[in-house]
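Undergrad:
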Amino acid sequence: MQNNFFETLADLLKSGFSLKQSIQNISILYPKMANDLEKISVQLNQGRRFSACIQKFVSNTTYNQIAVAEEHGQLERSVVQLGKYLRGKMNQKEKLIGVLIYPILLIFLLTIMIFIFAKWLNPTLASINFNNQKNFFDTIYYQAIKTVIICIILGGIVYSIRIIFWWKKQKQITRHIWYSQLPLIGNIYRNFSYYYLSFNLALLLKSGMNLQEVCLFLGRFSQNSLMYQLGEDLRRHLLEGKKISSFIRKYPFLPPELVIFFNKGQTNAELSQDLLIYSQTTYQRLMRSIDNLINLVQPLSFLVIAIIIIVIYLSILIPMYSNLGGVYQ
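In terms of my numbering, the sequence shown opens at residue 27 and continues consecutively.
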């Protein structure tokens, strides 16, 4: 529902409605949100910022973006972009569900087939074993395969537990470095970071802030947030007299193109405009990278299903051929 909320809010703000009027109209258009929107309206009437009013209803990422935009009079622009991003995210979620329906159905049918085979067909094959050869499920090959699979599963569980404990101990900034280096989804995460950070930095620079002032502003966020930790690290980096380019290269989730932008010697207004254009480019790249990953899901699912089918057929045919061989000897 968040995508509907931000899309409608953006349309109403662009049409000239005030923030309070927009919230009231949305509660009429979407009755399911009425209770939450009523709470937001009450807090707005008490003089609270919009970002503070919606904080408990949205993710930290969304809250931070709204807070940055609201501080510098760019709420409408940010809301428009959020609505666009959340709508794209919803469309891709629906596409992923559509792609997975058929493979999930096949896996369900295969599970039933395996159960039937193990429960009824395998004992029948064993009972007609003419030459007293071992059934496939009793052979050393099957036992070895089963042992390897169990070891892989147990190893994966142990490794996952270790990762979870390690992850909980890390600072946000370390976690985001790890996210950006993951296979397959690491590229998607980097594109999201490039888009998110460049868009928010553009809004801050557009308001006339320099980098030191940006760091001070980010210091107002939660100490456990990426924005705060990134701002603190940048502040220390600048106080030590180091170049901004070395800071950008330090983190894989920061856009490498920022080095080029900062070295052009532009004014804040020009730099902000370049970053806004860049953020739109990276947004399109992000959507394409997610679509490409979704397009891989179905072929990979069918590959796994094909392997399972082959294993099932082999487990049936090997004992049968073995028994036939015994008949003709």
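Built from N, CA and C at the ideal position, the CB exists for glycine as well.
Do Ile49 and Leu63 count as a contact pair if the criterion is CB distance below 7 Å?
TA: For the purposes of this step, residue 63 is taken as the residue at position 37 of the sequence shown. For the purposes of this step, residue 49 is taken as the residue at position 23 of the sequence shown. Result yes, Cβ atoms of Leu63 and Ile49 sit closer than 7 Å.
Undergrad: Please identify the residue among Gly73, Asn250 and Leu256 whose C-alpha is closest to the C-alpha of Leu242.
TA: Taking the first residue of the sequence shown as position 1, residue 242 is located at position 216. Checking every option, the nearest Cα to that of Leu242 belongs to Leu256.
Undergrad: Suppose the cutoff is 7 Å on Cβ atoms and the five residues either side in sequence are ignored; what does the same chain contact list for Val337 look like?
TA: Against the sequence shown, residue 337 aligns to sequence position 311. For Val337, where only same-chain residues beyond five positions count, there are no Cβ hits under 7 Å.
Undergrad: With a cut-off of 8 Å, do at least 3 Cβ pairs link the segment 128–147 to the segment 64–73?
TA: Result no; under three Cβ-Cβ pairs closer than 8 Å.
Undergrad: Contact between the segment 87–102 and the segment 229–246 is defined here as three or more beta-carbon pairs at a separation below 8 Å; is this criterion met?
TA: Because the criterion of three Cβ pairs below 8 Å is met, the segment 87–102 and the segment 229–246 touch.
Undergrad: Whose C-alpha, out of Tyr339, Leu244 and Phe31, is nearest the C-alpha of Val106?
TA: Residue numbering aside, residue 106 sits at position 80 when the sequence shown is read from its first letter. Of the listed residues, the one whose Cα sits closest to Val106 is Phe31.
Undergrad: What's the gap between the Cα of Lys115 and the Cα of Tyr309?
TA: For the purposes of this step, residue 115 is taken as the residue at position 89 of the sequence shown. For the purposes of this step, residue 309 is taken as the residue at position 283 of the sequence shown. The alpha-carbon atoms of Lys115 and Tyr309 are separated by roughly 11 Å.
Undergrad: With distance defined between alpha-carbon atoms, name the residue in Asp317, Trp146 and Lys269 nearest to Glu120.
TA: Along the sequence shown, one-based indexing puts residue 120 at 94. Nearest C-alpha to Glu120: Asp317.
Undergrad: Which one of Asn321, Ala332, Tyr339 and Ile334 has the shortest CA to CA distance from Leu126?
TA: As a working mapping, residue 126 is identified with position 100 in the sequence shown. Looking at the Cα atoms, Asn321 is the closest of the given residues.
Undergrad: Note down the Cα distance separating His263 from Leu208, rounded to an integer number of angstroms.
TA: Working through the sequence shown from its first residue, we reach residue 263 at position 237. Working through the sequence shown from its first residue, we reach residue 208 at position 182. Rounded to the nearest angstrom, the two C-alpha atoms are 27 Å apart.
Undergrad: Tell me where the alpha helix (DSSP H) around Ser77 begins and ends.
TA: Translated into positions along the sequence shown, residue 77 becomes position 51. Counting along the chain, the alpha helix (DSSP H) containing Ser77 begins and ends at Phe76 to Ile80.
Undergrad: Starting from the N-terminal side, write out each stretch of the alpha helix (DSSP H) that is 4 residues or longer and does not extend beyond the segment 84–122.
TA: 86–97, all fully within the segment 84–122.
Undergrad: What is the rounded straight-line gap between the Cα of Asn158 and the Cα of Phe143?
TA: As a position in the sequence shown, residue 158 is number 132, starting the count at 1. As a position in the sequence shown, residue 143 is number 117, starting the count at 1. Any reading at Asn158 must be qualified, since the residue scores a pLDDT of 49, below 50, and its modelled position is unreliable; the value itself is stated next. Distance between the alpha carbons of Asn158 and Phe143: 20 Å.
Undergrad: Just the Cα atoms here: how many angstroms apart are Asn289 and Leu301?
TA: Counted from its first residue, the sequence shown places residue 289 at position 263. Counted from its first residue, the sequence shown places residue 301 at position 275. Going by the C-alpha atoms only, they are around 13 Å apart.
Undergrad: Among residues of its own chain, excluding the 5 on either side of Arg103, which ones have a beta-carbon nearer than 7 Å to its beta-carbon?
TA: Against the sequence shown, residue 103 aligns to sequence position 77. Excluding residues within five positions, the ones whose Cβ falls inside 7 Å are Ala95.
Undergrad: Output needed for Ile331: all residues of its chain with C-beta closer than 6 Å, excluding positions within five of it in sequence on either side, in chain order.
TA: For the purposes of this step, residue 331 is taken as residue 305 along the sequence shown, with counting starting at 1. Excluding residues within five positions, the ones whose Cβ falls inside 6 Å are Leu132.
Undergrad: On the DSSP letters alone, give me the boundaries of the alpha helix (DSSP H) that Tyr215 sits inside.
TA: As a position in the sequence shown, residue 215 is number 189, starting the count at 1. Unbroken alpha helix (DSSP H) run through Tyr215: Ile211 to Lys232.
Undergrad: What residues in its chain sit with their C-beta under 7 Å from that of Leu38, if we drop five residues either side in the sequence?
TA: Here residue 38 refers to the residue found at position 12 when the sequence shown is read from its first residue. Once the five neighbours on either side are set aside, the close Cβ partners of Leu38 are Ser48 and Asn51.
Undergrad: Quick check on Ile335: buried or exposed, where buried means 16 or more other Cβ atoms within 10 Å of its Cβ?
TA: Against the sequence shown, residue 335 aligns to sequence position 309. Classification for Ile335: exposed.
Undergrad: What number of angstroms, rounded off, separates the C-alpha of Gly73 from the C-alpha of Lys40?
TA: Residue numbering aside, residue 73 sits at position 47 when the sequence shown is read from its first letter. Residue numbering aside, residue 40 sits at position 14 when the sequence shown is read from its first letter. The straight-line gap from Cα to Cα measures roughly 22 Å.
Undergrad: Please list, in chain order, all residues of the same chain as Ser315 whose beta carbon is under 7 Å from its beta carbon, the five residues on each side excluded.
TA: As a working mapping, residue 315 is identified with position 289 in the sequence shown. Cβ within range, chain order: Asn213, Ile214 and Asn217.
Undergrad: Out of curiosity, what's the CA-to-CA distance linking Phe156 and Trp193?
TA: Locating residue 156 in the sequence shown gives position 130, counting from the first residue. Locating residue 193 in the sequence shown gives position 167, counting from the first residue. A caution first: Phe156 carries a pLDDT of 47, below 50, which makes its placement in the model unreliable, though a value can still be read off. Each residue's Cα considered, the two are about 57 Å apart.
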